[in-house]
Amino acid sequence: MTLTRADCEALDRRDPLATLRSQFVIPPGLIYLDGNSLGVMPAAAPARVAQVVQQEWGQGLIRSWNAAGWMNLSQRVGDKIARLVGAAPGELVVADSTSVNLFKVLSAALHLARAESSGTHRGAQRHVIVSERSNFPTDLYIAQSLAQQHGGTLELLEGEDIPARLAGARGQDVALLTLTHVNYRTGRMHDMAALTAQAHAAGALTVWDLAHSAGAVPVDLNGTGADFAVGCGYKYLNGGPGAPAFVWAHPQHVSSAWQPLAGWIGHAAPFEFTPDYQPAPGITRYLCGTPPVLSLAALECGVDTVLAAEPLGGMVALRHKSLALTRLFAELVQTRCAGHGLRLVSPTEDALRGSQVCLARDDGAYAIVQALIERGVIGDFRAPNVLRFGFTPLYIGYAEVWEAVEQLRQVLDGGVWRDARFQQRQQVT
Ligand SMILES: Cc1ncc(COP(=O)(O)O)c(C=O)c1O
C-alpha cells in the first residue's frame with residue numbers, strides 16, 4: 237500500500253529520532269537529499285569555529301597547540317569516529333583526505349601482504365590488487381598508481397565475481413582486496429565480514445573505504461577482522477566542505493609497516509627534531525603534516541551530531557530509520573513516477589542497500605536533478621545517467637521524502653526539465 241503525505245506526517249510525529257534535526261541549520265523549505273556528498277552544517281559549528289579563530293588562534297596563538305589541545309585533535313576526533321565504526325579508542329586518527337589516506341593504507345597493506353608471503357612458494361606471485369570496476373575513481377586511481385610503482389596489477393571485477401576470484405588456486409596471486417563498502421553510484425553495500433573472510437582465506441588483506449558508511453550504516457571494523465580502513469569527514473559525518481578524512485589500521489598491523497608519507501607529525505618525537513624517521517607508536521604514525529585545526533574543529537561538531545544519537549539507539553537506530561526512508565523513497569518513485577523511464581539502481585533488499593537511492597534514466601538525468609534543485613529538492617547527478625539521493629536519518633523526515641517524490645513527479649509529468657536552463661552542465665554535478 238502506497239503511503240500518503242498524511243501517513244508520512246504521522247510517521248514523523250512518531251519518529252524517536254526527530255529531535256536530532258534541531259542540531260542542524262537547514263535553510264527553510266529545502267529538502268536536502270545530498271548528505272552523502274556534503275552533510276548539512278551543524279548549528280554548533282559557526283560558534284565553535286569562531287571560538288577557535290578568535291580565542292584559541294587570535295588570543296592564544298602558538299600557545300594553543302598545548303593549551304587548547306590542538307596537538308591531540310586528530311586523535312580526539314578520531315576516538316569519536318572510532319565509536320561509529322567499531323574501532324577502539326587510539327586505533328583511528330583524522331588526517332589528510334580520503335585519497336591521501338588510501339595511498340598510505342594501500343601502500344602499507346601491499347607491503348605487508350607481500351612480506352607475509354615472501355619466502356613461500358607463493359611470495360613472488362602475490363602481486364594483484366583486486367577491486368570493483370564501479371568503485372569510486374579516486375580509489376582506483378590510487379591503486380593503479382601504486383600497482384605501477386610496485387610492479388603489481390590492478391584487476392577490476394564486477395562485485396559478484398570477487399568471491400570466485402579469491403577462492404582456491406585463483407586467489408593465490410591476490411595481495412589486496414580494496415573496496416568501498418557502500419558503492420557511491422549504486423548505493424549497494426558489500427558484506428564486509430564475508431569478503432574479509434574470503435580475502436583472508438586467500439592470504440590477502442583488505443582495505444575498506446567507508447566514505448558512504450561512517451555515520452550512515454553500522455560498521456564493525458574489529459568485529460569483521462578488516463585490515464585497513466579510510467573514510468570521509470564531509471559526508472554523513474557533517475564535517476564541512478573538504479573536512480579531513482580518517483584512517484584506521486587493525487592493531488595487529490598498525491606497527492608492522494611504515495606508511496609511505498613519513499612526515500614529522502607521525503614521528504615518535506616530532507619536537508626532538510632528529511634527522512632520522514622513527515614512526516610513532518600505533519595509528520599516530522599515519523599522520524603526516526600539521527593538523528588542520530579549523531577544519532578539525534568543524535568536523536568535531538559534525539561527528540558530535542552523530543554521537544548525539546547514542547542515547548537514542550545510536551547507529552542501529554539511525555540505520556533503522558535510514559532503511560525506512562530509502563525504502564519509502566524507492567517505493568514512492570516506483571508508484572508515483574511510473575512510466576517516466578526511471579530505473580531503480582539501488583538494491584531493494586535492505587541488507588544490500590546503504591543510505592542512498594540511485595535512479596537511472598537513459599536521457600535527461602542531469603537536467604531532472606537541476607529542475608529538482610530549482611524546486612528546493614537537492615540531490616545530485618553522477619555521470620553518465622544516475623540521479624542520486626542520499627538520506628541522512630539525523631535530519632531527513634518521512635514527509636520530506638514524500639514531498640521530494642511529489643516534486644520529481646511534477647518535474648517529469650510537466651517535462652519542465654527539458655527547459656534549456658537545466659541542460660547547462662556545471663563544474664560540480
Ligand atoms: C567512495 C569515495 N571515496 C573517496 C572520495 C573522495 O575522497 P577525497 O576526499 O580524497 O576527495 C569520495 C568522494 O565522493 C568517495 O565517494
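First residue of the sequence shown? That's 237 in the working numbering, and the numbers climb one at a time after it. For each residue, glycine too, the CB sits at the ideal point set by N, CA and C. Here the structure is a predicted model, which means the values were calculated and not measured.
Counterpart residues of V622 in DSSP-defined beta bridges: Indexing the sequence shown from 1 puts residue 622 at position 386. Partner(s): A596, R618.
For a test of the three-state rule: what should DSSP assign to L352, helix, strand or coil? Here residue 352 refers to the residue found at position 116 of the sequence shown. The sequence shown places Glu at residue 352, rather than the Leu named in the question. E352: helix per DSSP, three-state reduction.
Between the stretch 325-339 and the stretch 540-548, can you find at least three pairs of beta-carbon atoms closer than 8 Å? no
Which residues in the same chain as T432 place their Cβ atom closer than 7 Å to its Cβ, once the five residues preceding and following it in sequence are excluded? Start at 1 with the first residue of the sequence shown, and residue 432 comes out as number 196. So the qualifying residues of the chain are T442, T460, G461, A462.
Which partner residues does H503 have in the DSSP bridge list? Here residue 503 corresponds to residue number 267 of the sequence shown, with the count starting at 1. In DSSP, H503 forms a bridge with P515.
8 Å contact criterion, which A450 and L320 should meet: CB distance rounded: Indexing the sequence shown from 1 puts residue 450 at position 214. Indexing the sequence shown from 1 puts residue 320 at position 84. Contact flag correct, Cβ pair sits at about 6 Å.
Continuous alpha helix (DSSP H) assignments of at least 4 residues falling wholly in the stretch 395-430: 398-402
Per the contact definition of three or more C-beta pairs closer than 8 Å, is the stretch 263-272 in contact with the stretch 607-615? yes
Since T665 is in the alpha helix (DSSP H), which residue starts that stretch and which ends it? Position 429 of the sequence shown, counted from the first residue, corresponds to residue 665. Unbroken run through T665: none, as it is neither H nor E.
Please report the residue range of the alpha helix (DSSP H) in which F260 lies. Along the sequence shown, read from residue 1 onward, the residue named residue 260 stands at position 24. That residue, F260, is in no alpha helix (DSSP H); it is neither H nor E in DSSP.
Contact belief for H363 with G395 at Cβ below 8 Å, rounded distance in angstroms: If you number the sequence shown from 1, residue 363 lands on position 127. If you number the sequence shown from 1, residue 395 lands on position 159. Between G395 and H363 the Cβ distance is about 22 Å, and since that is not below 8 Å, they are no contact.
Between D445 and ligand 1, is the CB less than 6 Å from at least one heavy atom? The sequence position of residue 445 within the sequence shown is 209, counting from 1. Checking the Cβ of D445 against ligand 1 gives yes.
Between Y330 and K557, what straight-line distance do the alpha-carbon atoms span, to the nearest angstrom? Mapped onto the sequence shown, residue 330 falls at position 94. Mapped onto the sequence shown, residue 557 falls at position 321. Before going on, a small fix: residue 330 reads as Val here, not Tyr. Whole-angstrom Cα-Cα distance: 27 Å.
Local conformation of P547 per DSSP, three classes: Start at 1 with the first residue of the sequence shown, and residue 547 comes out as number 311. The answer is helix: DSSP assigns P547 an H, G or I state.
Residue range of the beta strand (DSSP E) that E391 falls in? Position 155 of the sequence shown, counted from the first residue, corresponds to residue 391. From DSSP, the beta strand (DSSP E) with E391 extends over 389-393.
Same chain, Cβ closer than 6 Å to V605, five either side skipped, listed in chain order: Your numbering for residue 605 matches position 369 in the sequence shown. Only G615, F617, L623 meet the Cβ criterion.
What does the alpha-carbon distance come out to for the pair R572 and L580? Counting from 1 along the sequence shown, the entry for residue 572 is found at position 336. Counting from 1 along the sequence shown, the entry for residue 580 is found at position 344. Rounded to whole angstroms, R572 to L580 spans 13 Å at the Cα level.
Enclosing beta strand (DSSP E) for S367 [first to last residue]: By one-based count along the sequence shown, residue 367 stands at place 131. It spans 364-368 - the beta strand (DSSP E) in which S367 sits, taken as one unbroken run.
Residues near V652 in its chain [Cβ-Cβ closer than 6 Å; skip 5 each side]: By one-based count along the sequence shown, residue 652 stands at place 416. Around V652: A607.
In chain order, what residues of the same chain lie with their CB nearer than 7 Å to the CB of M425, ignoring the 5 residues before and after it? Working through the sequence shown from its first residue, we reach residue 425 at position 189. Here the set comprises H417, V418, V453, L588, R589, G590.
Go through its chain and collect everything with a Cβ distance to K340's Cβ below 7 Å, but skip five positions before and after it. Residue numbering aside, residue 340 sits at position 104 when the sequence shown is read from its first letter. Excluding residues within five positions, the ones whose Cβ falls inside 7 Å are V483, Q495, P496, L497, Y522.
Do you know offhand how far T238's Cα is from L568's? Indexing the sequence shown from 1 puts residue 238 at position 2. Indexing the sequence shown from 1 puts residue 568 at position 332. For T238 and L568, the distance between alpha carbons rounds to 7 Å.
Can you determine whether any heavy atom of ligand 1 sits closer than 6 Å to the C-beta of F372, and answer yes or no? Position 136 of the sequence shown holds residue 372. Under cutoff, so the answer is yes.
Going by the CB atoms, is the gap between E292 and A304 shorter than 7 Å? On the sequence shown, residue 304 is found 68 positions in, with the first residue counted as 1. On the sequence shown, residue 292 is found 56 positions in, with the first residue counted as 1. In this structure, E292 lies closer than 7 Å to A304 by Cβ.
Closer than 6 Å to a non-hydrogen atom of ligand 1 - does that hold for the CB of S310? Translated into the one-based positions of the sequence shown, residue 310 becomes position 74. Result no, Cβ not under 6 Å from ligand 1.
H576 versus Q643: straight-line alpha-carbon distance, rounded: The residue given as residue 576 occupies position 340 in the sequence shown. The residue given as residue 643 occupies position 407 in the sequence shown. Spanning the two alpha carbons is a distance of roughly 14 Å.
Take the Cβ of N302 as the centre, count every other Cβ of all protein chains shown within 10 Å, and call the residue buried at 16 or more, exposed below. By 1-based counting over the sequence shown, the position of residue 302 is 66. That one is exposed.
DSSP has G467 in a bridge; who is on the other side? The sequence position of residue 467 within the sequence shown is 231, counting from 1. Per DSSP, F482.
When you compare only the Cα positions, how much space is there between F464 and A379? Your numbering for residue 464 matches position 228 in the sequence shown. Your numbering for residue 379 matches position 143 in the sequence shown. Each residue's Cα considered, the two are about 14 Å apart.
G478 versus R555, V529, C244, residue with shortest Cα-Cα distance: In the sequence shown, residue 478 corresponds to position 242, counting from 1. Measuring from the Cα of G478, the nearest candidate turns out to be V529.
Which residue or residues does DSSP assign as beta-bridge partners of W638? Working through the sequence shown from its first residue, we reach residue 638 at position 402. In DSSP, W638 forms no bridge with anything.
Where the beta strand (DSSP E) through W301 begins and ends: The count along the sequence shown starts at 1 and reaches residue 301 at position 65. Where W301 is concerned, there is no enclosing beta strand (DSSP E), although the alpha helix (DSSP H) it sits in stretches over 300-303.
Check each candidate in S300, S531, L473 and name the one with the smallest Cα separation from T541. To locate residue 541, count along the sequence shown from 1; it is residue 305. The candidate whose alpha carbon is nearest that of T541 is L473.
Which one of D649, L564, S582, N621 has the shortest CA to CA distance from D243? Sequence index remark: in the sequence shown, residue 243 carries index 7 (1-based). Closest option to D243, Cα to Cα, is L564.
If you check the beta carbons only, do D586 and L559 fall under 7 Å apart? Here residue 586 refers to the residue found at position 350 of the sequence shown. Here residue 559 refers to the residue found at position 323 of the sequence shown. In contact: D586 and L559 (Cβ atoms closer than 7 Å).
In terms of DSSP beta bridges, what is A331 paired with? In the sequence shown, residue 331 corresponds to position 95, counting from 1. In the DSSP output, where bridge partners are listed per residue, A331 has A481.
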